[in-house]
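Asks: Sharing a structure, written as structure tokens. Questions coming.
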Amino acid sequence: MTPGINTVKKNKILHKVHEYSHDASSESYGLEAAQKMGVPEQRVFKTLVVILDNKELAVGVLPVSSKLSMKFIAKALAAKKAFMANKADVQRSSGYVLGGVSPLGQKKRLKTVIDSSAANHVTIYVSAGRRGLEIELSPIDLTKLCNAILADICQ
Numbered sequence: 016m017t018p019g020i021n022t023v024k025k026n027k028i029l030h031k032v033h034e035y036s037h038d039a040s041s042e043s044y045g046l047e048a049a050q051k052m053g054v055p056e057q058r059v060f061k062t063l064v065v066i067l068d069n070k071e072l073a074v075g076v077l078p079v080s081s082k083l084s085m086k087f088i089a090k091a092l093a094a095k096k097a098f099m100a101n102k103a104d105v106q107r108s109s110g111y112v113l114g115g116v117s118p119l120g121q122k123k124r125l126k127t128v129i130d131s132s133a134a135n136h137v138t139i140y141v142s143a144g145r146r147g148l149e150i151e152l153s154p155i156d157l158t159k160l161c162n163a164i165l166a167d168i169c170q
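To convert a position in the sequence shown, counted from 1, into this note's numbering, add 15.
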């Protein structure tokens, strides 16, 4: 079990765990997940960690088919600027490896913004905490578990 799976179980959240064989040569973990599970790319969400101008880390959760807008996530978090966090900071704060970062069960709870498109779906998929493992749950439950806000954060 991963910390992400343990979080949904502990909180008695209705969910499904999906596992697929991860291909190490895959260039996009999220797109690979959508293809291997046979799920539309708009329902599979990636977890990206940014650093704000005040040096605070934050999380953006958005469809794998979309690109994160640094301007929009900064605005959603009342910051002036946002940049992608470096790999070491992401792994240290989340406890996960890149390509397997889950918005759930992170070592350090960070401010989290989920793209508002999540509300268009009954369930979405997010990483369960390792490559080849996804959790399907309602965006409402994900928002509550992450104490997140919904905002438009895609370009």
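We treat Cβ as the ideally placed atom computed from N, Cα and C, and that holds for glycine.
Whole angstroms is fine: what's the gap from Lys-123's alpha carbon to Lys-102's?
Replies: Counting from one through the sequence shown, the residue named residue 123 turns up at place 108. Counting from one through the sequence shown, the residue named residue 102 turns up at place 87. About 15 Å.
Asks: Go ahead and label Gln-170 buried or exposed: buried means 16 or more other beta carbons lie within 10 angstroms of its beta carbon, across all protein chains shown.
Replies: Looking up residue 170 in the sequence shown gives position 155. With fewer than 16 other Cβ atoms within 10 Å, it is exposed.
Asks: Closest to Ala-97 by CA distance: which of Leu-83, Val-65, Glu-149 is it?
Replies: Residue 97 sits at position 82 when you count from the first residue of the sequence shown. For the residues Leu-83, Val-65, Glu-149, the minimum Cα distance to Ala-97 belongs to Val-65.
Asks: Given a threshold of 16 other Cβ atoms within 10 Å of its Cβ, counted over all protein chains shown, does Arg-146 qualify as buried or as exposed?
Replies: Position 131 of the sequence shown, counting from 1, holds the residue named residue 146. Looking at its Cβ environment, which holds 16 or more other Cβ atoms inside 10 Å, Arg-146 is buried.
Asks: Relative to the C-alpha of Leu-46, which candidate in Lys-159, Ser-142, Asn-21, Lys-31 has its C-alpha closest?
Replies: Along the sequence shown, read from residue 1 onward, the residue named residue 46 stands at position 31. With distances taken between Cα atoms, Leu-46 lies closest to Ser-142.
Asks: Which two residues bound the contiguous alpha helix (DSSP H) that contains Ser-15?
Replies: Past the edges of the chain, shown from 16 to 170, lies residue 15, and the structure says nothing about it.
Asks: State the Cα-Cα distance for the pair Glu-28 and Ser-131, rounded to the nearest angstrom.
Replies: Residue numbering aside, residue 28 sits at position 13 when the sequence shown is read from its first letter. Residue numbering aside, residue 131 sits at position 116 when the sequence shown is read from its first letter. Here the sequence assigns Ile to residue 28, which means Glu is not the residue at that position. Ile-28 and Ser-131: Cα-Cα distance of roughly 21 Å.
Asks: In the DSSP assignment, what residue or residues form a beta bridge with Ile-129?
Replies: Translated into the one-based positions of the sequence shown, residue 129 becomes position 114. Paired residues: Val-76, Leu-165.
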